[in-house]
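Numbered per the working numbering, the sequence shown spans residues 33 to 296.
Ideal Cβ placement from N, Cα and C applies to all residues, glycine included.
Since the structure comes first, as structure tokens, the remarks are kept for the end.
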Amino acid sequence: MESSSASNSHIPLELTLNILHHLPVKSLVRFLCISKQWRHLISSQDFIKKHLKLSIESNRDCGIILRHYDDSDFLRFLFAPLSDNNQFGNAVEIHSALQLHILHHCDGLVCLSNEKDEVAIWNPLIRKYRKLPREPVEKRSGFEHSTRAFAFGHDPQNDDYKVLRVVEFYNAKRHLKEFEVKAYSLKAQSWKKVEEQWPYKKLSLNPGSASLNGAVHWLVDAPQSKIESLIAFDLATEKFRFYKAPDQPDDEERVFPALEVLGR
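This is the structure we're talking about:
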């Protein structure tokens with residue numbers, strides 16, 4: 033009896049790529065162990081960008097992040113993937129001994145921090161994270177207080193993900209402010225000081241940021257002012273842009289500001 037050999041069969045690379053591009057991340061992670069060739073293929077930047085593009089277009093590999101307090105009033109985060117039949121799968125907890133805060137998310141990556149200002153980038157689909165190196169904040173003479181704000185986004189020009197940290201130093205008695213801006217590059221795996229000066233020292237950052245078209249955005253306002261504005265930081269050129277936010281209706285009372293990106 034004759035037997036056919038599997039080695040005689042050959043699937044064209046183009047067809048293999050087309051199949052892999054349409055598979056969920058969970059399946060691709062398992063296929064990394066098949067061979068060095070498959071690991072190299074699935075881990076390549078071209079494959080990752082193509083897979084991400086198709087995932088966004090097809091609304092695939094989606095999920096939600098839940099947060100709840102346990103019986104000890106400890107805040108916990110859970111990730112629940114969404115299946116093709118619009119049912120949520122088993123939730124996976126983000127294990128951490130420290131209280132976590134979700135700073136922002138971009139392309140399925142989540143930027144997290146804790147009360148010690150330690151920052152990590154988490155991929156909930158493959159359950160892996162990268163902890164960023166600590167970047168100390170140097171105290172400045174004449175400024176007794178400081179606050180920190182973070183933003184996270186994608187630099188399409190350099191195909192890099194970056195974390196932006198803005199430290200606002202202030203002296204309440206003398207009404208003085210100074211700002212320090214640093215950026216972390218996931219590609220370079222290092223922090224660097226942003227030479228571009230903060231546009232206006234009298235402005236204060238509002239909590240929360242939004243990432244869109246290669247830039248991160250903050251709502252800002254001046255003390256004792258109802259005029260809100262936007263500051264955008266271009267992650268490629270590392271330059272700030274400043275522009276006035278849309279006007280509120282005259283008959284509306286001022287509410288707490290919020291900034292979100294819709295339709296993405």
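Quiz item: If we ignore side chains and look at the alpha-carbon of each, how far apart do Tyr76 and Gly174 end up?
Solution: Sequence index remark: in the sequence shown, residue 76 carries index 44 (1-based). Sequence index remark: in the sequence shown, residue 174 carries index 142 (1-based). According to the sequence provided, residue 76 is Ser. The question's Tyr does not apply to it. Distance between the alpha carbons of Ser76 and Gly174: 50 Å.
Exercise. Report the rounded CA-to-CA distance for Ala129 versus Glu200, giving the unit in angstroms.
Key: For the purposes of this step, residue 129 is identified with residue 97 of the sequence shown, where counting begins at 1. For the purposes of this step, residue 200 is identified with residue 168 of the sequence shown, where counting begins at 1. Residue placement at Ala129 is flagged as unreliable, the pLDDT there being 45, under the threshold of 50; a coordinate-derived value is accordingly withheld.
Quiz item: According to DSSP, is Trp70 helix, strand or coil?
Solution: By one-based count along the sequence shown, residue 70 stands at place 38. Note: Trp70 maps to helix in three-state DSSP.
Quiz item: Exposed or buried, what is Cys143 when buried is set at 16 or more other beta-carbons lying within 10 Å of its beta-carbon?
Solution: Mapped onto the sequence shown, residue 143 falls at position 111. Buried.
Practice problem: Tell me whether Ile153 is buried or exposed, calling it buried when 16 or more other Cβ atoms sit within 10 Å of its Cβ. | Solution: Taking the sequence shown and counting its residues from 1, one reaches residue 153 at position 121. Label assigned to Ile153: buried.
Exercise. For Leu135, collect the residues of the same chain with a Cβ closer than 7 Å to its Cβ; drop the 5 residues on either side in sequence, then sort them by chain order.
Key: For the purposes of this step, residue 135 is taken as the residue at position 103 of the sequence shown. Here the set comprises Cys143, Leu144, Ser145, Phe182 and Phe184.
Self-check item: Among Leu64, Arg166, Leu52 and Tyr275, nearest to Lys82 - alpha-carbon criterion
Solution: As a first step, residue 82 is located in the sequence shown; it is residue number 50 there, counting from the start. Minimum Cα distance to Lys82 is reached at Leu52.
Quiz item: From Val252 to Asn190, what does the alpha carbon distance come to, in whole angstroms?
Solution: Working through the sequence shown from its first residue, we reach residue 252 at position 220. Working through the sequence shown from its first residue, we reach residue 190 at position 158. One C-alpha to the other measures close to 28 Å.
Quiz item: Within 8 Å: the Cβ of Leu64 and any heavy atom of the ligand ATP?
Solution: Among the components of this structure there are no ligands whatsoever, and the ligand ATP is therefore not found.
Quiz item: Smallest Cα separation from Phe79: which of Thr48, Lys276 and Pro188?
Solution: The count along the sequence shown starts at 1 and reaches residue 79 at position 47. Residue Thr48 is the option with its Cα nearest to Phe79.
Quiz item: Taking buried to mean at least 16 other C-beta atoms within 10 Å of its own C-beta, is Lys276 buried or exposed?
Solution: Numbered from 1 along the sequence shown, position 244 holds the residue referred to as residue 276. So Lys276 ends up on the exposed side.
Practice problem: Go through its chain and collect everything with a Cβ distance to Asn50's Cβ below 8 Å, but skip five positions before and after it. | Solution: For this step, residue 50 is matched to residue 18 along the sequence shown. For Asn50, where only same-chain residues beyond five positions count, there are no Cβ hits under 8 Å.
Practice problem: Classify Thr48 as helix, strand or coil using the three-state DSSP reduction. | Solution: Counting from one through the sequence shown, the residue named residue 48 turns up at place 16. Looking at Thr48 - three-state DSSP - the assignment turns out to be helix.
Quiz item: Going straight from the alpha carbon of Tyr193 to that of Lys219, what length do you get?
Solution: For the purposes of this step, residue 193 is identified with residue 161 of the sequence shown, where counting begins at 1. For the purposes of this step, residue 219 is identified with residue 187 of the sequence shown, where counting begins at 1. Approximately 7 Å between the Cα atoms of the pair.
Practice problem: Give me the Cα-Cα distance between Leu141 and Tyr202, rounded to the nearest whole angstrom. | Solution: Counting from one through the sequence shown, the residue named residue 141 turns up at place 109. Counting from one through the sequence shown, the residue named residue 202 turns up at place 170. C-alpha separation (whole angstroms): 32 Å.
Quiz prompt | Trp223 vs Pro156 beta-carbon contact at 9 Å | solution = Working through the sequence shown from its first residue, we reach residue 223 at position 191. Working through the sequence shown from its first residue, we reach residue 156 at position 124. Going by C-beta atoms, Trp223 is not nearer than 9 Å to Pro156.
Practice problem: Could you check what DSSP says for Leu86 in three-state terms: helix, strand or coil? | Solution: Mapped onto the sequence shown, residue 86 falls at position 54. Residue state, collapsed to three classes: helix.
Quiz item: Got a sec, what are the start and stop residues for the beta strand (DSSP E) Lys194 sits in?
Solution: Position 162 of the sequence shown holds residue 194. Here the beta strand (DSSP E) through Lys194 covers Asp192 to Asn203.
Quiz item: What residue from Leu73, Glu228, Glu270 and Lys233 has the CA that sits closest to Val248's CA?
Solution: Translated into the one-based positions of the sequence shown, residue 248 becomes position 216. Nearest option by C-alpha distance: Glu270.
Quiz item: Considering only C-alpha positions, which residue in the set Asp266, Lys209, Val151 and Leu73 is nearest to Tyr232?
Solution: For this step, residue 232 is matched to residue 200 along the sequence shown. Checked all of Asp266, Lys209, Val151 and Leu73; the closest Cα to Tyr232 is Lys209.
Exercise. Can you tell me which of Cys65, Ser243, Ser87 and Glu46 puts its alpha carbon nearest to the alpha carbon of Pro56?
Key: As a working note, residue 56 is residue 24 in the sequence shown. For the residues Cys65, Ser243, Ser87 and Glu46, the minimum Cα distance to Pro56 belongs to Ser87.
Exercise. Find out if the Cβ-Cβ distance for the pair Phe274, Glu228 is shorter than 9 Å.
Key: For this step, residue 274 is matched to residue 242 along the sequence shown. For this step, residue 228 is matched to residue 196 along the sequence shown. Taking 9 Å as the Cβ cut-off, Phe274 and Glu228 do not qualify as a contacting pair.
Practice problem: Count the other C-beta atoms from every protein chain shown that fall within 10 angstroms of the C-beta of Ala242, then say buried if there are 16 or more, exposed otherwise. | Solution: Here the question's residue 242 lines up with position 210 in the sequence shown. So Ala242 ends up on the buried side.
Quiz prompt | Range of the contiguous beta strand (DSSP E) that encloses Ser178 | solution = As a working note, residue 178 is residue 146 in the sequence shown. Ser178 -> beta strand (DSSP E) spans His177 to Asp187.
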